[in-house]
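Going by my numbering, the sequence shown runs without a break in its numbering and finishes at 257. Heads up, the thing below is written out as structure tokens.
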Amino acid sequence: ISEAIAPAKKEDPDYYARFVFDISFFFFVMMLIRRVEIGVIVDTFSERRQEMDKARESRQERCFICNLHRSVFDQIATDAEHHGSGVRGFERHISSEHIMEAYINYIIYLKDRDFQHCTGVEKFC
């Protein structure tokens, strides 16, 4: 646009109108660009929050090791209660059968261990 419009001179009768137009156009374009930037930032953060919520729900609703849903273990616990067993469901499973920290420690152990000293199962991992 600036190439098509000749520069304004103070002697021109519409100098002040042109000045106001140029400044308002500049502010309008800058505001538009700012709003687009803010929209992109807000959109990115909302997507990130949704991903974090999904990951949090996955950690709370699924076993980290076997990836079975909480409802499977709760159903087993409900069935076991009818038969007199002391099974408590998902919490018991992740606290005594598939302890995430123990598996992570095992993976770290395997990474630090010399490959020549690993057993067959350790070499597979």
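The beta carbon of each residue, even a glycine, is placed where N, CA and C say it ideally should be. Bear in mind the structure is a predicted one, so any value in this text is a computation, not a measurement.
**OP:** Assign I137 to one of two classes, buried (16 or more other C-beta atoms within 10 Å of its C-beta) or exposed (fewer than that).
**Re:** Classification for I137: exposed.
**OP:** Have a look at the DSSP bridge pairing and note the partners of H201.
**Re:** Beta-bridge analysis with DSSP links H201 to R194.
Original post:
What separation, rounded to the nearest whole angstrom, lies between the Cα atoms of H225 and F160?
Top reply: H225 and F160 have their C-alpha atoms some 60 Å from each other.
Original post:
With C-beta atoms as the reference, is R202 less than 8 Å away from R194?
Top reply: By the CB criterion at 8 Å, R202 and R194 fall inside the cutoff.
**OP:** Take F205 as the anchor and find which of Y148, E169 and H230 has the nearest alpha-carbon.
**Re:** Cα-wise, what sits closest to F205 is H230.
**OP:** Flag this pair as yes or no: are the beta carbons of F196 and M232 separated by less than 8 Å?
**Re:** Yes, the Cβ-Cβ distance between F196 and M232 is below 8 Å.
Original post:
K141 to G171, Cα distance in whole Å?
Top reply: Each residue's CA atom was taken as its position, placing K141 and G171 some 39 Å apart.
Original post:
Quick one: what's got a C-beta closer than 7 Å to F222's C-beta in the same chain, skipping five residues either side?
Top reply: R202, F205 and D206.
Subject >> Delimiting residues of the alpha helix (DSSP H) encompassing I226 >> reply: Where I226 is concerned, there is no enclosing alpha helix (DSSP H), given that its DSSP letter is neither H nor E.
Subject >> K186, DSSP secondary structure in three states >> reply: DSSP places K186 in helix when its eight states are reduced to three.
Subject >> Whole-angstrom distance between Q182 and E189, CA atom to CA atom >> reply: Distance from the CA atom of E189 to the CA atom of Q182, rounded to whole angstroms, is 10 Å.
Original post:
If you follow the alpha helix (DSSP H) that A234 is part of, which residue opens it and which one closes it?
Top reply: Here the alpha helix (DSSP H) through A234 covers M232 to D244.
Original post:
Should A234 and R220 be called a contact, given that it needs their Cβ atoms to be closer than 8 Å?
Top reply: Cβ distance not < 8 Å, so A234 and R220 don't count as in contact.
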